[in-house]
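Trainee: Residue numbers for the sequence shown follow the working numbering, beginning at -7 and rising by one.
A single structure is presented below for examination.
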Amino acid sequence: MLSAARLWQLLGQPGGAAQMALGEPGGGVALGAHRLHRFTLDIGGAQVPAIYLSPQGPGPYPAILYCHAHGNRYEIGAEELVLGRPALQAAYGPALADLGFASLAIDLVPFGGRQGEGPEAALAKAALWQGRPLMGRMLAELHAAFHWLAARAEVDATRIATLGLSMGGTHAYWLAALEPRIAASVHLCVLADIAPLIASGAHDLHGSYMTVPGLLAEGDMGDVAALIAPRPQFVGLGGTDPLTPMAARDPAVARLRSAYARAQDRLQLHLSPDTGHVETPAMRRDTLAFLTRHLIG
């Protein structure tokens, strides 16, 4: 049976991620009624561009660790939090701040200000040779970012959720599975088992960052998401999304439902039957309502 400890081992991080994130956001600039901070976090010696958006008022705020998407748009990275991307209805940062949430996003390698560390395929291949998959490096950095966020005086460490779409969605639910202090998770356009994707060839639509050697001998993506139970979890899916076809989506969802058999009110599944790899207006509305309900009340 999969566990958080076993996942860390498969990710090449035995004993769990131990990196610290160090850095101060400074005074920031006004973004409407809120404060936008662009700064750099030192994570294990890596200089990681970060964006922190704090709402008006003294706090303590609930907070979102926002995980950016891929989409072969390596130039975007953490800026997705405030600028959005085509697959989203709009940027999440301002909408979250309007509801009273602080939010943090970091550039994962090789995105945003870290494109010079790439390309992705070369990074992934080197990491696999070293027994430390790129997915593990990404999650270790996000884990450090979570601890940075939880340590902020203006943030309520008991009310931090993860949120993301596509690659960001994968990171959002994996990190929540790995870190029990994460209060809730929202992932959009991503949940599907890998074994059925391999059988159809659709796994090749994913980036090389996502490879986790040995996972399929012990479980699949539905089992990872199930580790979040009974904490609140929102799953948004498009019925025609080529990354989440029915044959791969349904078994993952079935095991997830089983994990929440005694906490059904904490699992929300949103299937948009006629849309693909995009957030819909209804998905956005339900995501914000879910986060408000479970983290603000």
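Here a beta-carbon is modelled for each residue, glycine too, at the ideal position from N, C-alpha and C.
All of these numbers come straight from a predicted model, not from anything done at the bench.
Less than 6 Å between C-beta atoms, sequence neighbours within five positions excluded: which residues of the same chain meet that for Gly4?
Mentor: Gly123, Arg124, Pro125, Gly128
Trainee: Tell me Phe226's beta-bridge partners as DSSP assigns them.
Mentor: For Phe226, the beta-bridge partners assigned by DSSP are Val178, Gln260.
Trainee: Just mark Glu210 as buried or exposed, buried being the case when its beta carbon has 16 or more other beta carbons within 10 Å.
Mentor: exposed
Trainee: Look at Ala132 and Ala9 and say whether their C-beta atoms are less than 8 Å apart.
Mentor: yes
Trainee: Starting from the Cα of Ile186, find the closest Cα among Ala145, Pro237, Ile152, Gly85 and give me that residue.
Mentor: Pro237
Trainee: Assuming His60 contacts Glu72 under a Cβ cut-off of 8 Å, what Cβ separation, rounded to an integer in Å, is found between them?
Mentor: Rounded, the Cβ-Cβ distance is 4 Å, consistent with contact.
Trainee: Pull up the distance between the alpha-carbon of Thr279 and that of Ala153, whole angstroms please.
Mentor: 12 Å
Trainee: State the DSSP-derived secondary structure class of His286, mapped to helix, strand or coil.
Mentor: helix
Trainee: Which first and last residues belong to the beta strand (DSSP E) in which His29 is found?
Mentor: Start and end: 26 to 35.
Trainee: Given that a residue counts as buried once 16 or more other Cβ atoms are within 10 Å of its Cβ, and exposed if not, what is Gln260?
Mentor: That one is buried.
Trainee: To the nearest angstrom, how far is it from the Cα of Leu45 to the Cα of Pro205?
Mentor: 35 Å
Trainee: By how many angstroms is the C-alpha of Leu88 removed from the C-alpha of Gly49?
Mentor: Using only the alpha carbons, I get a separation of about 14 Å.
Trainee: At which residues does the alpha helix (DSSP H) containing Ile190 begin and terminate?
Mentor: 186 to 192
Trainee: Nearest to Leu96 by CA position, among Glu112, Trp140, Gln81, Tyr165, is which residue?
Mentor: Trp140
Trainee: Which runs of the alpha helix (DSSP H) at least 4 residues long sit entirely within the region 22 to 92? Give them in chain order.
Mentor: 72 to 75, 84 to 90
Trainee: Roughly how many angstroms lie between the CA atoms of Arg30 and Gly19, to the nearest whole one?
Mentor: 10 Å
Trainee: Curious, which full-length beta strand (DSSP E) runs of at least 3 residues does the region 206 to 255 contain?
Mentor: 225 to 230
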